[in-house]
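Q:
The following block contains the structure:
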């Protein structure tokens, strides 16, 4: 309604029409290698860029840490401090807290990788030139969820052998007759829903955030440039909302990285736990 | 006779709903998780008020609870795209 009164008439729509974002946002045109499995579009290029940056960042950090212990310079500089804080965040408050020191350090490489990949890919959703999250198309979330899935099953099988599956599907303390009900539910929730929800949660958060941001900023563009008269003021409103929502998206990027890593850790912990 | 015909026409016209059913579906799907997340956070606030020394531990559990309940709302957002004919 507002758009109609603001001058957008769908029957005479011309150059200045408002096109709300569609799901096509996540299927940009292919830039290179069209037709092959290695087709590159904007989202793939963003993923490659973030992967490269992460590799560079971690190499620099590793060199810095090694240099500081080798030369005995124990007062960290700013870059080293930043690295220590970030890596200790995953190590202490996620891995050690949920899994304890020994197991926490055992699974730490996977958890750190998951955390930083998700964080790096999510944050590109608000970076001005890139503007779309690398995790907003299903491929990458599926891979990360798959890694978490394989890891918690591996952890369970390593700790308990084949009994892991028996303990997971036939929990102790349930009267025998109820296993007809409980086992399918347990199977569904443990072996199917866990990876699926991990992937979907991450992807849908990024999709919803991106669509909302695109909506705000295209609405601002439309109102400021193509609306009649007093409706231009709505451009300011949508711009403010877009700004505030960008800050919210930064929070969501961190939060989704934290939640993904935390859930992986909790699933590993549940697999390792001894049955009472 | 004519009145009945007119009434039938009006009824058939009024009963036509247009628009996107997926949007309606998501709106309905978001009710449950909305209440759910509210419950999780409110319980966490209560528990932190009762035992402030456990705040960090409770906060971690809160994020876990929010992630699980919010997953359903997000799957509701995804289903129109999955079942797009």
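Chains as they are written, first to last, in my numbering: chain Y, -18 to 257; chain X, 820 to 904. Yeah, the Cβ is synthetic: ideal placement off N, Cα and C, and Gly gets one too.
So, at 8 Å on beta carbons, what are the nonlocal neighbours of residue 199 of chain Y in its own chain, with the 5 sequence-adjacent residues on each side left out?
A: -1, 0, 1 and 2
Q: Below 8 Å between beta carbons: does that hold for residue 886 of chain X and residue 29 of chain Y?
A: no
Q: Quick check on the DSSP output: the alpha helix (DSSP H) that includes residue 211 of chain Y runs from which residue to which?
A: That residue, residue 211 of chain Y, is in no alpha helix (DSSP H); it is neither H nor E in DSSP.
Q: If we call anything under 8 Å between Cβ atoms a contact, is residue 215 of chain Y one with residue 204 of chain Y?
A: yes
Q: Name, please, each residue of chain X whose Cβ falls closer than 7 Å to the Cβ of residue 178 of chain Y.
A: The contacting residues are 890.
Q: Let me know the secondary structure DSSP gives residue 118 of chain Y once reduced to three states.
A: coil
Q: Once the 5 residues before and after residue 855 of chain X are set aside, which same chain residues still bring their CB inside 6 Å of it?
A: 888
Q: Can you list, in chain order, the residues of its chain whose CB lies under 7 Å from that of residue 219 of chain Y, leaving out five sequence neighbours each side?
A: Counting only Cβ-Cβ distances below 7 Å, and skipping sequence neighbours, we find 197, 200, 201 and 204.
Q: Below 6 Å CB to CB, which residues in the same chain sit around residue 104 of chain Y once its five sequence neighbours on both sides are set aside?
A: 234
Q: Given residue -8 of chain Y, which residues of its chain have a CB within under 7 Å of its CB, disregarding the five upstream and five downstream residues?
A: Low per-residue confidence applies at residue -8 of chain Y: pLDDT is 44, beneath 50, and the placement is therefore not dependable enough to give any value.
Q: Residue 168 of chain Y and residue 150 of chain Y look like a contact to me (Cβ under 8 Å); what is the Cβ gap, rounded to whole Å?
A: 6 Å
Q: Shorter than 8 Å from the beta carbon of residue 864 of chain X to some beta carbon of chain Y?
A: No - not a single Cβ of chain Y is within 8 Å of the one on residue 864 of chain X.
Q: Run the CB neighbour count on residue -5 of chain Y, radius 10 Å, all protein chains shown included, and call it buried at 16 or more, exposed below.
A: Low confidence applies here, because residue -5 of chain Y scores a pLDDT of 48, under 50, leaving its location unreliable; read the following figure in that light. Exposed, because fewer than 16 other Cβ atoms sit within 10 Å of the Cβ of residue -5 of chain Y.
Q: Buried or exposed, going by whether 16 or more other CB atoms sit within 10 Å of the CB of residue 939 of chain X?
A: The question about residue 939 of chain X has no answer here: the residues shown for chain X are numbered 820 through 904.
Q: Got a sec, what are the start and stop residues for the beta strand (DSSP E) residue 875 of chain X sits in?
A: Where residue 875 of chain X is concerned, there is no enclosing beta strand (DSSP E), although the alpha helix (DSSP H) it sits in stretches over 874 to 901.
Q: Which residue's Cα is closest to the Cα of residue 88 of chain Y: Y:139, Y:51 and Y:46?
A: Y:139
Q: According to DSSP, simplified to helix, strand and coil, what is residue 20 of chain Y?
A: coil
Q: Quick one: Cα of residue 116 of chain Y to Cα of residue 20 of chain Y, how far?
A: Between the alpha carbons of residue 116 of chain Y and residue 20 of chain Y lies a distance of about 17 Å.
Q: For residue 12 of chain Y, which option in Y:26, Y:237 and Y:6 has the closest C-alpha, if you only look at C-alpha atoms?
A: Here the closest residue by C-alpha is Y:26.
Q: Give me the Cα-Cα distance between residue 135 of chain Y and residue 253 of chain Y, rounded to the nearest whole angstrom.
A: 10 Å
Q: Compute the Euclidean distance between the alpha carbons of residue 900 of chain X and residue 126 of chain Y, then round it to the nearest angstrom.
A: 20 Å
Q: What separation, rounded to the nearest whole angstrom, lies between the Cα atoms of residue 9 of chain Y and residue 64 of chain Y?
A: Their backbone Cα atoms lie some 34 Å apart in a straight line.
Q: Are the beta-carbon atoms of residue 23 of chain Y and residue 166 of chain Y separated by less than 8 Å?
A: Contact flag unset, no.
Q: Using a Cβ-Cβ distance cut-off of 8 Å, determine whether residue 56 of chain Y contacts chain X.
A: Using beta-carbon distances, residue 56 of chain Y does not count as an interface residue toward chain X, since no partner is under 8 Å.
Q: Does DSSP classify residue 71 of chain Y as helix, strand or coil?
A: Assigned with DSSP and collapsed to three states, residue 71 of chain Y falls in helix.
Q: Touch check for the region 91 to 100 of chain Y and the region 67 to 75 of chain Y: three-plus C-beta pairs under 8 Å?
A: yes
Q: Kindly indicate if chain Y contains any beta-carbon less than 8 Å away from that of residue 902 of chain X.
A: no
Q: At a CB distance below 9 Å, what residues from the region -7 to 20 of chain Y approach chain X? Give them in sequence order.
A: When CB distances to chain X are screened at a threshold of 9 Å, the residues of the region -7 to 20 of chain Y falling below it are 4, in chain order.
Q: Checking contacts by CB at 8 Å: is residue 894 of chain X closer than that to chain Y?
A: yes
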